[in-house]
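Notes follow once the structure below has been shown.
Residue numbers (our numbering): 77 to 489.
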């Protein structure tokens, strides 16, 4: 990477599409622009209408471009869903240099060797995450560059996804006149931002509760070991409010954001609001306690399902804590309720950057952090283009910025 680069992340969620522009200056990340738009064409985290999704992406990109005065051409896009699968694989190569010093080419070759795996025809490799390298049998190496050896091995986690879901995502981004610089698993990106090194080592569950789905990722020994997606999220709470107060969904969402509370103990009886009921011109008054009586059971159910799913994945007893993120965890009382239902230590992860201090931005900011680290330490193949272009000027990046990046995804773009 050059000393001053622009990275753009695209997070396509069920309720919002978010574009975050990050500037990497000598290894320090600054968030210089944020764009968001209401998400249309997405249900439970999956694309159900290409044209509506394309329009939502364009709206979010336009918003971010106007904020910063930069024309966005290339983006890193996050992917998630219940079609994502993880499997481990091993790669081995002989060191090619005469002096036996391990270089970039050797690392690239061993990663390509680890990619050779039998996959069903409907699945595609999204990413390759090295867990550790081995040089002549010596384990636990995170970066073997410059080391002397004869035999180089790598143990990796291969992230795979359904071709249909991946190609629909690609189609949306291409129709929005953007180029894909790389595709990143959302859970890996969020983990980069939300989890400390110790949390990744000791066994932690990262839970991203969005509007339409809830993504669970288990980290252990410094790497992601399991992932799952539940089709529940903040939309279900909104739907319950809509039924309970007999009001429109849009109105229910506004009430949830302004007066919502996840714990009855924290709700105030004197906090009152009026709601226009469906089929009537008359407003009815409710208290925050009335609202919380609707919200708490659904939030309890969501955390109960998360707890069940972690046990189903086989990590119920191995977990040392939960980290929550996503737009649906900002409601007051959520943390206390989660600690009670999950029977473990729980904290909420918030990005520590001006303008994005909200759990809803964790994935987008995490992608920028992941890419900035990824560029220095990993080889991935992407289109050899700049990440973004300043309006009316040449590329802000040096030529060949991505030449060393070999992302698995480029094979079918």
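All residues carry an ideal CB built from backbone N, CA and C; glycine is no exception.
Worksheet item: Out of curiosity, what's the CA-to-CA distance linking residue 111 and residue 142?
Response: 9 Å
Practice prompt. With DSSP collapsed to three states, give me the class of residue 474.
Written response: Here residue 474 scores only 35 on pLDDT, less than 50, and its place in the model is too uncertain to base an answer on.
Worksheet item: Rounded to whole angstroms, how far is the Cβ of residue 167 from the Cβ of residue 190, which I believe are closer than 8 Å?
Response: 3 Å
Worksheet item: What residue does the alpha helix (DSSP H) around residue 142 start on, and which one ends it?
Response: Residue 142 -> alpha helix (DSSP H) spans 126 to 144.
Item to complete: Determine the closest residue to residue 384 out of 418, 360 and 412, with distance taken between C-alpha atoms.
Response: The shortest Cα separation from residue 384 among 418, 360 and 412 belongs to 418.
Item to complete: Determine the extent of the alpha helix (DSSP H) in which residue 246 is found, giving its start and end residues.
Response: 239 to 251
Discussion item. I'd like to know whether the C-beta atoms of residue 279 and residue 396 end up nearer to each other than 9 Å.
Written reply: yes
Practice prompt. Could you check if residue 445 is buried or exposed, using at least 16 other CB atoms within 10 Å of its CB as the buried criterion?
Written response: buried
Discussion item. Measuring only the C-alpha atoms, how far is residue 121 from residue 335?
Written reply: Their Cα atoms are separated by approximately 26 Å.
Discussion item. Mapping the DSSP letters down to three states, classify residue 324 as helix, strand or coil.
Written reply: Coil.
Worksheet item: Cα-Cα, which of 224, 148 and 324 is closest to residue 173?
Response: 224
Discussion item. For the beta strand (DSSP E) containing residue 203, name the first residue and the last one.
Written reply: Residues 199 to 211.
Fill in: Backbone CA spacing between residue 411 and residue 379 [nearest angstrom]
Distance between the alpha carbons of residue 411 and residue 379: 11 Å.
Discussion item. Please tell me whether residue 299 and residue 233 are closer than 9 Å, where the distance is taken between their beta carbons.
Written reply: Taking 9 Å as the Cβ cut-off, residue 299 and residue 233 qualify as a contacting pair.
Worksheet item: In whole angstroms, what separates the C-alpha of residue 125 from that of residue 84?
Response: 24 Å
Discussion item. What does DSSP give as the partner residue(s) for residue 112 in the beta ladder?
Written reply: Residue 112 is bridged to 94.
Practice prompt. Give the range of the beta strand (DSSP E) segment to which residue 278 is assigned.
Written response: No beta strand (DSSP E) contains residue 278, which is instead part of the alpha helix (DSSP H) from 273 to 278.
Worksheet entry | Cα-Cα separation, residue 117 to residue 89 | The alpha-carbon atoms of residue 117 and residue 89 are separated by roughly 10 Å.
Worksheet item: Along the chain, where does the alpha helix (DSSP H) that runs through residue 183 open and close?
Response: Run containing residue 183: 180 to 190, per the alpha helix (DSSP H) assignment.
Discussion item. Whole angstroms are fine: how far does the CA of residue 227 sit from the CA of residue 285?
Written reply: 43 Å
Worksheet item: Okay, do the stretch 260 to 267 and the stretch 287 to 297 touch, 3+ Cβ pairs below 8 Å being the bar?
Response: Result yes; three or more Cβ-Cβ pairs closer than 8 Å.
Fill in: residue 342 (DSSP reduced to helix, strand or coil)
If DSSP states are grouped into helix, strand and coil, residue 342 belongs with the helices.
Worksheet item: Who are residue 406's beta bridge partners in DSSP?
Response: Bridge partners of residue 406: none, in fact.
Item to complete: Mind checking which residues open and close the alpha helix (DSSP H) that includes residue 156?
Response: Here residue 156 belongs to no alpha helix (DSSP H), and DSSP marks it neither H nor E.
Item to complete: Ignore the nearest five residues each way along the sequence and tell me which others in residue 130's own chain have a CB closer than 6 Å to its CB.
Response: 248, 251 and 252
Worksheet item: Is the Cβ-Cβ distance between residue 54 and residue 196 less than 9 Å?
Response: Nothing in the structure corresponds to residue 54, since the chain is present only between 77 and 489.
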